[in-house]
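Working notes for the structure below.
There are 2 protein chains.
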Amino acid sequence: MESAIDTHLKCPRTLSRRVSEDYTPPFPMFVARGDKAIQQTVMAYFGVQFEDESKRPQALAAFQHIIGTFSLADGPLSHDLTHHVDNQDHHNLMAVAYWTDPAAYCRWLRSDDVNGWWSADERLDEGLGYFREIIAPRADQFETLYAFTEDFPGIGGVMGERGTGSTVSGEIEEHGYWGSMRDRIPASQVDWMEATEDLVVVSGDPSKDGRVIVRGHDNIAVIRSGQEWSAAGEEERNLFFDEILPSLQDGMDFLRDNGAEMGCYSNRFVRSIDIDGNELDESYNIGHWRALDKLERWAESHPTHLRIFVTFFRVVAGLEKLRLYHEVSVSDAKDQMFEYINCHPQTGMMRDAQALA
Amino acid sequence: MESAIDTHLKCPRTLSRRVSEDYTPPFPMFVARGDKAIQQTVMAYFGVQFEDESKRPQALAAFQHIIGTFSLADGPLSHDLTHHVDNQDHHNLMAVAYWTDPAAYCRWLRSDDVNGWWSADERLDEGLGYFREIIAPRADQFETLYAFTEDFPGIGGVMGERGTGSTVSGEIEEHGYWGSMRDRIPASQVDWMEATEDLVVVSGDPSKDGRVIVRGHDNIAVIRSGQEWSAAGEEERNLFFDEILPSLQDGMDFLRDNGAEMGCYSNRFVRSIDIDGNELDESYNIGHWRALDKLERWAESHPTHLRIFVTFFRVVAGLEKLRLYHEVSVSDAKDQMFEYINCHPQTGMMRDAQALA
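From first to last, the protein sequence lines stand for chains A and B.
With the numbering used here, the residue at position 309 of the first sequence is 1260, and numbering never jumps.
With the numbering used here, the residue at position 323 of the second sequence is 1274, and numbering never jumps.
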């Protein structure tokens, strides 16, 4: 048994863990162990939005263009692709890309190919929406959690040396109790990770077409919480579709439609796809929260999430091929970017952003 | 808004609260504010046990004798009476009595009338079981929580000056999140309140008739969690009987029958009665746990308790006459007494106690 917080990220505590050193979790769970040289990661979500089904081929082409840029110099170490229908019944194709070298990400983003395409006037006239929501949490600002031990998705897939997959921890101590998510984030040793400011529209007008930039704030929490059933047998598929998915869908729909009052800025329950848009047997949720405490309060008190949790507790020790995981981060305002082109005003961070005073 | 921890019980923390100072609970809850001179309380459970219905009149007479001794010099400030059928289908009449002066309790317990009766050989030959389970938590070792603001039951009924009812706090900060129970106990500021020893039978043999004494250990946690519907209108009665009670009963039955593996030494869901044994419209649960962390883990992960919790969250703000409350304590081994006469071996602390090595 070992702490979820890797040895090089331990520091003298000013805040205590929720549970004592004698705590023993009820079943095994694991975290990704990364290259100790990694100081900061980049988690970048790139979206293409379209309302009408007839726009799908064009949207897919634009999406494929974005994915093509990942192969340019200094591109991401890995990426995966998704589709979802959002709170306004618009379709969204989204690619998430991961870097463990912020400087490489910066060079990539500023390259003529990438920056030129995003900044081009043509983007305004295509009848498509585009967005990029990018966070760069430091190594002490995120945690992972897996009910399996290899071939990690998401950030865990790139944290090894030279961008390989992470290694796996031993069984970790900090899970199986409310508050363990916070306890796994190294910054929690000394920092409440609170939000003290609001989202602000610093450029553009969400109610109109065109470009919009939203300024984030310190400690926005982002969770990617995933389910992969591609290798699952019939029993585990039934478990997922009959027992887990209904509560999960209810909870995700609730957050998508009622998140604002809970401190959930955005919630997208997405289905993984291949580059041609075909659905894969994987899904995940991407939730943006005002701060970790808002996510905690929802997770530990909302009936839908408690049902998910109870089911998870009941079945987790017996899972074989059904893969459940999450990654949760906070980040500094200066390490966040939320930009939109021609997206509807309820997209992403725009919905809850205040107009610039 | 104020801390559940009264000003005179605050101390410099070595352990942090689970939530930051910015936390705001989702609905109002209150705690008892006692006389600051109170240093230690006594919570004493006196039981009469009988298997056969035909013994009821005799058991009731013995029970009434015990209650009569409460009127002797140095007797308790208050008491209330209950009945329950236990894990072996035995009937149990139980009186709980409260003191806020341990010295007075001590004089009462050692008085000829009280000690003489308990120690008399006649107790061994009446075909009845007797037990007394007594804890004396210091003022920093317990907390209360009420969804109402007056006429507190239990310990809150005696903590005022000269044994009057307590006054009520303002709305408190530490509730509405898992871990708030711990955060309301003043000792949690500096102490994990862990259990490091086991229950031990130090005298007698539970498998045989006669007297048995079980030695407790530091930080046994005791919860009294109650429901009073005597003044509730039809709507709140329906709420209690149709929505709250079924889950509550399931959870309490589960703990009664499967508690050992969860760290629950004893769980009694009792119905309040008058001195003649007639049922009142009040019930509560008395649970003894190895330590607070075991109670926390059960409460925050067991489906029955999560259902109770979700229902409570949903209805609490609208409660008018349905009264829901609890009191939770830990205590030192030296401030615990667990004694049994002719009780079945699954009674109270006997079930999980080890034989003396």
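For glycine and all other residues, C-beta sits at the position ideal for the given N, C-alpha and C.
Check your understanding: Is it buried or exposed for B/Ala1012, if we count other Cβ within 10 angstroms and need 16 for buried?
Key -> As a working note, residue 1012 of chain B is residue 61 in the second sequence. Residue burial annotation: B/Ala1012 is exposed, with fewer than 16 other C-beta atoms found within 10 angstroms of its C-beta.
**Study point:** Candidates A/Asp1102, A/Val982, A/His1253 and A/Gln1092, of which the one nearest A/Val1141 by Cα
**Key:** Working through the first sequence from its first residue, we reach residue 1141 of chain A at position 190. Cα-wise, what sits closest to A/Val1141 is A/Gln1092.
Check your understanding: Would you say B/Gly1210 faces chain A, with C-beta separation under 8 Å as the test?
Key -> Walking along the second sequence from the start, residue 1210 of chain B turns up at place 259. It does not; no Cβ of chain A falls within 8 Å.
Check your understanding: Taking Cβ positions only, does A/Asp1204 come closer than 8 Å to chain B?
Key -> Residue 1204 of chain A sits at position 253 when you count from the first residue of the first sequence. So, not an interface residue.
Practice item. May I ask you to list, following chain order, the residues of the stretch 1236-1257 of chain B that have a beta carbon less than 8 Å from some beta carbon of chain C? Key: Among the protein chains of the structure shown, namely A and B, there is no chain C.
Exercise for review: Answer yes or no: does any C-beta atom of chain B fall closer than 8 Å to that of A/Tyr1216?
Suggested key: The count along the first sequence starts at 1 and reaches residue 1216 of chain A at position 265. It does not: the Cβ of A/Tyr1216 has no partner Cβ on chain B nearer than 8 Å.
Review point. Between the C-alpha atoms of A/Pro1027 and A/Thr1051, what's the straight-line distance to the nearest angstrom?
Key: For the purposes of this step, residue 1027 of chain A is taken as residue 76 along the first sequence, with counting starting at 1. For the purposes of this step, residue 1051 of chain A is taken as residue 100 along the first sequence, with counting starting at 1. Each residue's alpha carbon lies about 8 Å from the other.
**Study point:** Within 8 Å, strictly: CB atoms of B/Glu953 and B/Ile1123
**Key:** On the second sequence, residue 953 of chain B is found 2 positions in, with the first residue counted as 1. On the second sequence, residue 1123 of chain B is found 172 positions in, with the first residue counted as 1. Closer than 8 Å, so yes.
Check your understanding: According to the Cβ coordinates, are A/His1126 and A/Asp1149 closer than 8 Å?
Key -> On the first sequence, position 175 is the one that residue 1126 of chain A refers to. On the first sequence, position 198 is the one that residue 1149 of chain A refers to. Not closer than 8 Å, so no.
Check your understanding: Are the beta-carbon atoms of A/Thr992 and A/Tyr1049 separated by less than 8 Å?
Key -> Counting from 1 along the first sequence, the entry for residue 992 of chain A is found at position 41. Counting from 1 along the first sequence, the entry for residue 1049 of chain A is found at position 98. Yes, they are a contact pair.
Exercise for review: Run down chain B in chain order and give the residues with a C-beta less than 7 Å from the C-beta of A/Gly1145.
Suggested key: Within the first sequence, residue 1145 of chain A is the residue found at index 194, counting from 1. The sequence given here places Glu at residue 1145 of chain A; Gly does not occur at that position. In chain order: Ser971 and Asp973.
Check your understanding: In whole angstroms, what separates the C-alpha of A/Ser1131 from that of A/Glu1247?
Key -> Counting from one through the first sequence, the residue named residue 1131 of chain A turns up at place 180. Counting from one through the first sequence, the residue named residue 1247 of chain A turns up at place 296. Roughly 10 Å separates the two Cα atoms.
Practice item. If I'm right that B/Asp1160 touches B/Asn1293 with Cβ under 8 Å, what's the distance once you round it to whole angstroms? Key: Counted from its first residue, the second sequence places residue 1160 of chain B at position 209. Counted from its first residue, the second sequence places residue 1293 of chain B at position 342. With 8 Å as the limit, B/Asp1160 and B/Asn1293 qualify as a contact, their Cβ atoms being about 5 Å apart.
Exercise for review: Starting from A/Phe1014, trace the alpha helix (DSSP H) both ways and give me its first and last residue.
Suggested key: Position 63 of the first sequence holds residue 1014 of chain A. Taken as a continuous stretch (DSSP letters only), the alpha helix (DSSP H) holding A/Phe1014 covers Arg1007 to Thr1020.
Review point. Among the residues of its own chain, which have a CB less than 7 Å from the CB of B/Ser1139, if the five just before and after it don't count?
Key: On the second sequence, position 188 is the one that residue 1139 of chain B refers to. Correct list, in chain order: Leu966 and Arg1133.
Point to revise | C-beta atoms of A/Gln1200 and A/Asn1038 nearer than 8 Å | key: Here residue 1200 of chain A refers to the residue found at position 249 when the first sequence is read from its first residue. Here residue 1038 of chain A refers to the residue found at position 87 when the first sequence is read from its first residue. Contact: no.
Check your understanding: Between B/Ala1250 and B/Arg1258, what straight-line distance do the alpha-carbon atoms span, to the nearest angstrom?
Key -> Walking along the second sequence from the start, residue 1250 of chain B turns up at place 299. Walking along the second sequence from the start, residue 1258 of chain B turns up at place 307. Rounded to the nearest angstrom, the two C-alpha atoms are 10 Å apart.
Check your understanding: What in chain A is Cβ-close to B/Ser967, meaning under 7 Å?
Key -> For the purposes of this step, residue 967 of chain B is identified with residue 16 of the second sequence, where counting begins at 1. Those are Leu966 and Ser967, listed as they occur along chain A.
Exercise for review: Could you tell me whether the Cβ atoms of B/His1034 and B/Gly1238 are closer together than 8 Å?
Suggested key: Here residue 1034 of chain B corresponds to residue number 83 of the second sequence, with the count starting at 1. Here residue 1238 of chain B corresponds to residue number 287 of the second sequence, with the count starting at 1. Contact flag unset, no.
Point to revise | For B/Phe1103, the three-state DSSP class (helix, strand or coil) | key: One-based indexing of the second sequence puts residue 1103 of chain B at position 152. In the three-state DSSP reduction, B/Phe1103 falls in the coil class, being neither helix nor strand.
Practice item. Please list the residues of the stretch 1124-1157 of chain B that have a C-beta atom closer than 8 Å to any C-beta atom in chain A, keeping them in chain order. Key: Gly1127, Tyr1128, Trp1129, Gly1130, Trp1143 and Glu1145
Exercise for review: Flag B/Ala1048 as yes when its Cβ comes closer than 7 Å to any non-hydrogen atom of the ligand ZN, and as no otherwise.
Suggested key: The model on display carries no ligand, and the ligand ZN is accordingly not part of it.
Review point. If we cut at 8 Å on Cβ distances, does A/Val1279 have a partner in chain B?
Key: Residue mapping note: residue 1279 of chain A aligns to position 328 of the first sequence, counting from 1. Not one chain B Cβ lies under 8 Å of A/Val1279.
**Study point:** Boundaries of the beta strand (DSSP E) in which B/Ile1259 is found, first to last residue
**Key:** If you number the second sequence from 1, residue 1259 of chain B lands on position 308. Here B/Ile1259 belongs to no beta strand (DSSP E); instead the alpha helix (DSSP H) covers Pro1254 to Val1266.
Check your understanding: From this set, B/Ile1164, B/Phe1263 and B/Pro1157, which residue's C-alpha is nearest B/Leu1196's C-alpha?
Key -> Start at 1 with the first residue of the second sequence, and residue 1196 of chain B comes out as number 245. Ranking the options by Cα distance to B/Leu1196, first place goes to B/Phe1263.
Check your understanding: Between A/Phe1264 and chain B, is there a C-beta pair that is closer than 8 Å?
Key -> Mapped onto the first sequence, residue 1264 of chain A falls at position 313. By this cut-off, A/Phe1264 is an interface position.
Check your understanding: Out of A/Leu1270, A/Glu1186, A/Val1036 and A/Val1109, which has the shortest C-alpha to C-alpha gap to A/Gly985?
Key -> By 1-based counting over the first sequence, the position of residue 985 of chain A is 34. It is A/Val1109.
Point to revise | Coil, strand or helix - B/Gly1108 by DSSP | key: In the second sequence, counting from the first residue as 1, residue 1108 of chain B sits at position 157. In this structure, B/Gly1108 counts as helix in the three-state DSSP scheme.
Point to revise | Cβ shell of B/Glu1084 (< 6 Å), same chain only, five flanking positions each side left out | key: Working through the second sequence from its first residue, we reach residue 1084 of chain B at position 133. Counting only residues of its own chain and dropping the five nearest sequence neighbours on each side, B/Glu1084 has a CB closer than 6 Å to the CB of Tyr996, Phe1289 and Gly1299.
Practice item. For A/Leu1023, collect the residues of the same chain with a Cβ closer than 8 Å to its Cβ; drop the 5 residues on either side in sequence, then sort them by chain order. Key: The residue labelled residue 1023 of chain A in the question sits at position 72 within the first sequence. Taken in chain order, the residues that qualify are Trp1059, Ser1062, Asp1064 and Val1065.
Check your understanding: Where does the unbroken beta strand (DSSP E) through A/Gly1080 begin, and where does it stop?
Key -> Counting from one through the first sequence, the residue named residue 1080 of chain A turns up at place 129. Taken as a continuous stretch (DSSP letters only), the beta strand (DSSP E) holding A/Gly1080 covers Gly1080 to Ile1086.
Check your understanding: Where DSSP assigns a beta bridge to A/Cys1215, which residues make up the other side?
Key -> Residue mapping note: residue 1215 of chain A aligns to position 264 of the first sequence, counting from 1. Per DSSP, A/Trp1240.
Review point. Listing by chain order, which chain B residues have their CB less than 9 Å from the CB of A/Val1267?
Key: Position 316 of the first sequence, counted from the first residue, corresponds to residue 1267 of chain A. Under the 9 Å cutoff, chain B gives no residues; its nearest Cβ is about 12 Å from A/Val1267.
**Study point:** Residue-chain proximity (B/Val1261, chain A), Cβ-Cβ < 8 Å
**Key:** On the second sequence, residue 1261 of chain B is found 310 positions in, with the first residue counted as 1. Cβ-Cβ to chain A under 8 Å: yes for B/Val1261.
Point to revise | Length of the line joining the Cα atoms of B/Ile1171 and B/Ala1087 | key: One-based indexing of the second sequence puts residue 1171 of chain B at position 220. One-based indexing of the second sequence puts residue 1087 of chain B at position 136. When rounded, the distance between both Cα atoms is 11 Å.
Point to revise | Selected residue, minimal CA-CA separation from A/Leu1206, among A/Ile1224, A/Pro1254, A/Ser1070 and A/Gly1019 | key: The residue you call residue 1206 of chain A lines up with position 255 of the first sequence. With distances taken between Cα atoms, A/Leu1206 lies closest to A/Pro1254.
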